[in-house]
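Undergrad:
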Amino acid sequence: MSNKVIQAMYNDDDVLMDAVKEVRAANHHIEEVYTPFPVHGLDKAMGLKGTKMAITAFLYGTVGFVFSIWMMNYMMIQDWPQDIGGKPSFSFLLNMPAFVPIMFELTVFFAAHLMVITFYMRSKLWPFKKAENPDPRTTDDMFVMEVAVDGNEDELVSFLEKTGTVEIKVTEKH
Amino acid sequence: MSSHYEAPIRRPLIVGDKSYHDITVDVATPVEGKANKLWWTAFTIALLAFLWGLGSIIYTIGTGIGVWGLNKTVQWAWDITNFVWWVGIGHAGTLISAVLLLFRQKWRMGINRSAEAMTIFAVIQAGLFPVIHMGRVWNAYYVLPLPNQFGSLWTNFNSPLLWDVFAISTYLSVSLVFWWTGLLPDFAMLRDRAVRPFQKKIYSLLSFGWSGRAKDWQRFEEVSLVLAGLATPLVLSVHTIVSMDFATAVIPGWHTTIFPPYFVAGAVFSGFAMVNTLLIIMRKVSNLEAYITEQHIELMNIVIMITGSIVGCAYITELFIAWYSGVEYEQYAFLNRATGPYWWAYLIMMSCNVFSPQLMWIKKLRTSIMFSFVISIVVNIGMWFERFVIIVTSLHRDFLPSSWTMFSPTFVDIGIYVGTIGFFFVLFLLYARTFPVIAQAEVKSILKSSGEKFKKLRDGNHE
Numbered sequence: 001m002s003n004k005v006i007q008a009m010y011n012d013d014d015v016l017m018d019a020v021k022e023v024r025a026a027n028h029h030i031e032e033v034y035t036p037f038p039v040h041g042l043d044k045a046m047g048l049k050g051t052k053m054a055i056t057a058f059l060y061g062t063v064g065f066v067f068s069i070w071m072m073n074y075m076m077i078q079d080w081p082q083d084i085g086g087k088p089s090f091s092f093l094l095n096m097p098a099f100v101p102i103m104f105e106l107t108v109f110f111a112a113h114l115m116v117i118t119f120y121m122r123s124k125l126w127p128f129k130k131a132e133n134p135d136p137r138t139t140d141d142m143f144v145m146e147v148a149v150d151g152n153e154d155e156l157v158s159f160l161e162k163t164g165t166v167e168i169k170v171t172e173k174h
Numbered sequence: 175m176s177s178h179y180e181a182p183i184r185r186p187l188i189v190g191d192k193s194y195h196d197i198t199v200d201v202a203t204p205v206e207g208k209a210n211k212l213w214w215t216a217f218t219i220a221l222l223a224f225l226w227g228l229g230s231i232i233y234t235i236g237t238g239i240g241v242w243g244l245n246k247t248v249q250w251a252w253d254i255t256n257f258v259w260w261v262g263i264g265h266a267g268t269l270i271s272a273v274l275l276l277f278r279q280k281w282r283m284g285i286n287r288s289a290e291a292m293t294i295f296a297v298i299q300a301g302l303f304p305v306i307h308m309g310r311v312w313n314a315y316y317v318l319p320l321p322n323q324f325g326s327l328w329t330n331f332n333s334p335l336l337w338d339v340f341a342i343s344t345y346l347s348v349s350l351v352f353w354w355t356g357l358l359p360d361f362a363m364l365r366d367r368a369v370r371p372f373q374k375k376i377y378s379l380l381s382f383g384w385s386g387r388a389k390d391w392q393r394f395e396e397v398s399l400v401l402a403g404l405a406t407p408l409v410l411s412v413h414t415i416v417s418m419d420f421a422t423a424v425i426p427g428w429h430t431t432i433f434p435p436y437f438v439a440g441a442v443f444s445g446f447a448m449v450n451t452l453l454i455i456m457r458k459v460s461n462l463e464a465y466i467t468e469q470h471i472e473l474m475n476i477v478i479m480i481t482g483s484i485v486g487c488a489y490i491t492e493l494f495i496a497w498y499s500g501v502e503y504e505q506y507a508f509l510n511r512a513t514g515p516y517w518w519a520y521l522i523m524m525s526c527n528v529f530s531p532q533l534m535w536i537k538k539l540r541t542s543i544m545f546s547f548v549i550s551i552v553v554n555i556g557m558w559f560e561r562f563v564i565i566v567t568s569l570h571r572d573f574l575p576s577s578w579t580m581f582s583p584t585f586v587d588i589g590i591y592v593g594t595i596g597f598f599f600v601l602f603l604l605y606a607r608t609f610p611v612i613a614q615a616e617v618k619s620i621l622k623s624s625g626e627k628f629k630k631l632r633d634g635n636h637e
């Protein structure tokens, strides 16, 4: 199997969507699609699995919630109980209503930040990371579909040309 | 084109004959161009105000809180008024980007970037005040639950002031992350257009190497949705907790259960007003009238009108409950507010916050750009006085008539306040010149459903 990919450029999201469906129907492997904005339904058309970001957020939120309970119980009830304004801190349950705001805040804090960090790690986004879009126009108004060359290259090129592409390039896989 | 259907009754959110590339160019132009004289003038004024404020802060820290106008009876006045005012302003951004995202309101896309920027800059100003009021700012870390040299005396988690620390810092950091995640694709757009190597380097750094893969977009959209889901209760919790700083005290005029919803409505009210103030100028100066349309301003005016009405309802409810409670201290606190020596502050508050937004019922007025701008300033003045009235008039005549007194700010109080306004505008002006001020990737995604050109094509051009 060669290491070549064909980059087919489109200048319209609807044309791209149809092209993606056609290429998939013809059993060619789509390596990647780069778009300047989220094209709705593209992930389904490409056959991408759903993302689990929301599930991670739920788990991180749970961690934050449990951490906040542990923290406030340790600091206010276990380690140094105080009698504040005639309301002694000797029982977690009796003090719990006053802890609700911080339980909520820490749940959100953990869920939001850890989910975003997970997103950045999974999608390889961080400062000094080099961008990998094949053409600078893909952040402007161009949509690029990368199709793996498997078998006859010329046949694939002429097939893609019929899908409404405006430009086509054959390159080595990066 | 069926996937881009939108009811023909909806007015276009992107005016004119725009293509995807036009959006790119329109958003990039203010960043790539040179600043004009007007920008430099505004920036210089803001910078001078900021420096004046910085001097006042240094003077306060060097000499002590005694340089403020506070006294034994009124221990909380300008600083906390300014704090609440700025936090309130900082509510609109997240409300626009999070709540309107959950409700799938497409009009948020033209304004959410700048509203979020405003939020972050406003919360930074808000955060300054409690820190300065500590007097010994180098001990500010005492508010964090850290093991310390006194044998681990922990912070008091029963205190609303500590809840505030957690709420504000969570709000600021989550808003920042939400904002930045949305910025990545737009920074990438600027990066890919940049000609000068230095610009290219900076925007590469800021865009975190965003490439726009299908998988990235899929995650991006889900992350945005979940962040919106988290930020919605968060934004409501922040001003709820700020209001508890007062509501959990036993001072007449503060000790009311209506405070949380009333403060949240007031915050949204003032936040939208500030968004209007900034965007009405920005759409003109940066030539973004096609994206921040008159419709956007009208919709924000409607939000201002509704939240203003809620605030008005709350004022009247407070008065009624004060009378109905039969508690004479509570009754006196409200009587004193309206007819005491600070009657003028109460009058400003009532007329700016309750009366002026009602004018927005008139379509001619709420669609007028000039009128919207004036009202947005009026509302912000009114909301500052609301906090002043709540805080100062509840304190200055306390339980002991012999200690009744008045509060008047010193030049230092005023200096710090003016300084934060300067700091805010310094940040916003820098932002307007260097950041993509419109979420262009998102706007592109609604171009075919809500762009004027595509709506006309689809609806067969009936006009």
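Chains as they are written, first to last, in the numbering used here: chain A, 1 to 174; chain B, 175 to 637. Here a beta-carbon is modelled for each residue, glycine too, at the ideal position from N, C-alpha and C. In this text, all values refer to a predicted model and were calculated from it rather than measured experimentally.
1. Is it a yes or a no for the segment 351-367 of chain B touching the segment 196-207 of chain B, going by three-plus beta-carbon pairs under 8 Å?
2. For a contact defined as C-beta to C-beta under 7 Å, what are the partners of B/Thr-344 on chain A?
3. Anything in chain A within Cβ reach of B/Leu-358, meaning under 8 Å, just list it in chain order.
4. What in chain A is Cβ-close to B/Ala-341, meaning under 8 Å?
5. Measuring alpha carbon to alpha carbon, tell me which of A/Pro-101, A/Lys-4, A/Thr-35 and A/Arg-122 ends up nearest A/Met-142.
6. Taking CB distances under 8 Å as the criterion, tell me whether A/Ala-112 reaches chain B.
7. Just the C-alpha distance for B/His-178 and A/Ile-30, rounded to the nearest angstrom, thanks.
8. How is B/Glu-180 classed by DSSP in three states: helix, strand or coil?
9. Could you confirm whether any beta carbon from chain B is found closer than 8 Å to the beta carbon of A/Asp-43?
10. Is the Cβ of A/Ile-69 closer than 8 Å to any Cβ of chain B?
11. At which residues does the alpha helix (DSSP H) containing B/Ile-415 begin and terminate?
12. Take the Cβ of B/Asp-661 as the centre, count every other Cβ of all protein chains shown within 10 Å, and call the residue buried at 16 or more, exposed below.
13. Can you give the Cα-Cα distance for A/Asp-18 and A/Val-166, rounded to whole angstroms?
14. What residues in its chain sit with their C-beta under 7 Å from that of B/Leu-603, if we drop five residues either side in the sequence?
15. Could you tell me whether any Cβ in chain B is nearer than 8 Å to the Cβ of A/Phe-208?
16. Among the residues of its own chain, which have a CB less than 7 Å from the CB of B/Ile-415, if the five just before and after it don't count?
17. So, with DSSP's three-state summary, where would you put B/Met-175?
18. Would you tell me roughly how many angstroms separate the C-alpha atoms of B/Phe-433 and B/Gly-482, rounded to the nearest one?
19. Identify whether A/Ala-148 lies in helix, strand or coil by the three-state DSSP scheme.
20. Within its chain, find whatever has a CB closer than 8 Å to the CB of B/Cys-526; leave out the 5 residues flanking it on each side and keep chain order.
21. State the DSSP-derived secondary structure class of A/Val-108, mapped to helix, strand or coil.
22. Answer yes or no: does any C-beta atom of chain B fall closer than 8 Å to that of A/Ala-19?
23. Is it buried or exposed for A/Asn-152, if we count other Cβ within 10 angstroms and need 16 for buried?
24. Does chain B have any CB closer than 8 Å to the CB of A/Asn-133?
25. Count the other CB atoms within 10 Å of the CB of B/Leu-132; is the residue buried (16 or more) or exposed (fewer)?
26. Going by beta carbon distance, what residues of the same chain come within less than 7 Å of A/Ala-57, once the five residues before and after it are set aside?
27. Could you give the residue range of the beta strand (DSSP E) that holds A/Tyr-34?
28. Please give the ranges of any beta strand (DSSP E) in the segment 11-84 of chain A, keeping only runs that are unbroken, at least 3 residues long and fully inside the region.
29. Once the 5 residues before and after B/Glu-637 are set aside, which same chain residues still bring their CB inside 7 Å of it?
30. Could one say the Cβ of A/Asp-83 lies closer than 8 Å to chain B's Cβ atoms, at least one of them?
31. Can you name the residues of chain B whose CB is closer than 8 Å to the CB of A/Arg-122?
32. Report all residues from its chain with a CB closer than 7 Å to the CB of B/Lys-246; omit the five preceding and five following residues, and keep chain order.
33. Could you tell me whether the Cβ atoms of A/Asn-3 and A/Glu-132 are closer together than 8 Å?
34. Looking at the C-beta of B/Ile-382, does it have a partner C-beta in chain A at a distance below 8 Å?
35. With H, G and I counted as helix, E and B as strand and the rest as coil, what does DSSP make of B/Lys-618?
TA: Taking the coordinates as given:
1. yes
2. If you number the second sequence from 1, residue 344 of chain B lands on position 170. Neighbours of B/Thr-344 on chain A, chain order: Glu-105, Val-108 and Phe-109.
3. Your numbering for residue 358 of chain B matches position 184 in the second sequence. In chain order: Leu-125.
4. For this step, residue 341 of chain B is matched to residue 167 along the second sequence. Ordered by position in chain A, the residues that pass the 8 Å Cβ test against B/Ala-341 are Pro-101 and Glu-105.
5. In the first sequence, counting from the first residue as 1, residue 142 of chain A sits at position 142. Ranking A/Pro-101, A/Lys-4, A/Thr-35 and A/Arg-122 by Cα distance to A/Met-142 puts A/Thr-35 first.
6. Position 112 of the first sequence, counting from 1, holds the residue named residue 112 of chain A. Yes, because at least one Cβ of chain B sits closer than 8 Å to the Cβ of A/Ala-112.
7. Counting from one through the second sequence, the residue named residue 178 of chain B turns up at place 4. Counting from one through the first sequence, the residue named residue 30 of chain A turns up at place 30. Taking the straight line joining both Cα atoms gives about 25 Å.
8. Here residue 180 of chain B corresponds to residue number 6 of the second sequence, with the count starting at 1. Correct three-state label for B/Glu-180: coil.
9. What you label residue 43 of chain A is simply residue 43 of the first sequence in a count that begins at 1. Closer than 8 Å to some Cβ of chain B, the Cβ of A/Asp-43 qualifies, so yes.
10. Here residue 69 of chain A corresponds to residue number 69 of the first sequence, with the count starting at 1. A/Ile-69 does not count as touching chain B.
11. The count along the second sequence starts at 1 and reaches residue 415 of chain B at position 241. From DSSP, the alpha helix (DSSP H) with B/Ile-415 extends over 388-421.
12. For chain B, the structure presents residues 175 to 637; residue 661 of chain B sits outside this window and is missing.
13. For the purposes of this step, residue 18 of chain A is identified with residue 18 of the first sequence, where counting begins at 1. For the purposes of this step, residue 166 of chain A is identified with residue 166 of the first sequence, where counting begins at 1. Cα-Cα distance, rounded: 14 Å.
14. Taking the first residue of the second sequence as position 1, residue 603 of chain B is located at position 429. Contacts found: Trp-213, Ala-216, Phe-217 and Ala-220.
15. Given a span of 1 to 174 for chain A in the structure shown, any question on residue 208 of chain A remains unanswerable.
16. As a working mapping, residue 415 of chain B is identified with position 241 in the second sequence. Around B/Ile-415: Pro-334, Trp-337, Asp-338 and Ala-341.
17. Along the second sequence, read from residue 1 onward, the residue named residue 175 of chain B stands at position 1. Below a pLDDT of 50, predicted positions are generally treated as unreliable, and B/Met-175, at 42, falls in that range; no measurement from the model is reported.
18. Here residue 433 of chain B is taken as the residue at index 259 of the second sequence, counted from 1. Here residue 482 of chain B is taken as the residue at index 308 of the second sequence, counted from 1. The straight-line gap from Cα to Cα measures roughly 15 Å.
19. Position 148 of the first sequence, counting from 1, holds the residue named residue 148 of chain A. Correct three-state label for A/Ala-148: strand.
20. The residue labelled residue 526 of chain B in the question sits at position 352 within the second sequence. Hits under 8 Å: Val-552, Val-553, Ile-555, Gly-556, Met-557 and Phe-559.
21. Taking the first sequence and counting its residues from 1, the one referred to as residue 108 of chain A is at position 108. In this structure, A/Val-108 counts as helix in the three-state DSSP scheme.
22. For the purposes of this step, residue 19 of chain A is identified with residue 19 of the first sequence, where counting begins at 1. Output row for A/Ala-19: interface = no.
23. In the first sequence, counting from the first residue as 1, residue 152 of chain A sits at position 152. So A/Asn-152 ends up on the exposed side.
24. In the first sequence, counting from the first residue as 1, residue 133 of chain A sits at position 133. A/Asn-133 counts as touching chain B.
25. No information on residue 132 of chain B is available, as it lies outside the stretch 175 to 637 that chain B covers here.
26. What you label residue 57 of chain A is simply residue 57 of the first sequence in a count that begins at 1. Once the five neighbours on either side are set aside, the close Cβ partners of A/Ala-57 are Ala-111 and Met-115.
27. In the first sequence, counting from the first residue as 1, residue 34 of chain A sits at position 34. 30-34 is the span of the beta strand (DSSP E), which, as asked, contains A/Tyr-34.
28. 30-34
29. Here residue 637 of chain B corresponds to residue number 463 of the second sequence, with the count starting at 1. Bear in mind that the predicted position of B/Glu-637 carries a pLDDT of just 46, short of 50, making it unreliable; the figure below should be weighed with that in mind. None.
30. Here residue 83 of chain A refers to the residue found at position 83 of the first sequence. Chain B, which has no Cβ nearer than 8 Å to the Cβ of A/Asp-83, makes this no.
31. Numbered from 1 along the first sequence, position 122 holds the residue referred to as residue 122 of chain A. In chain order: Arg-393.
32. Against the second sequence, residue 246 of chain B aligns to sequence position 72. Cβ within range, chain order: Ser-577.
33. Numbered from its first residue, the first sequence carries residue 3 of chain A at position 3. Numbered from its first residue, the first sequence carries residue 132 of chain A at position 132. Against a cut-off of 8 Å, the Cβ pair of A/Glu-132 and A/Asn-3 comes out as no contact.
34. In the second sequence, residue 382 of chain B corresponds to position 208, counting from 1. In the sequence on display, residue 382 of chain B carries Phe and not Ile. Closer than 8 Å to some Cβ of chain A, the Cβ of B/Phe-382 qualifies, so yes.
35. Position 444 of the second sequence, counted from the first residue, corresponds to residue 618 of chain B. Helix at B/Lys-618.
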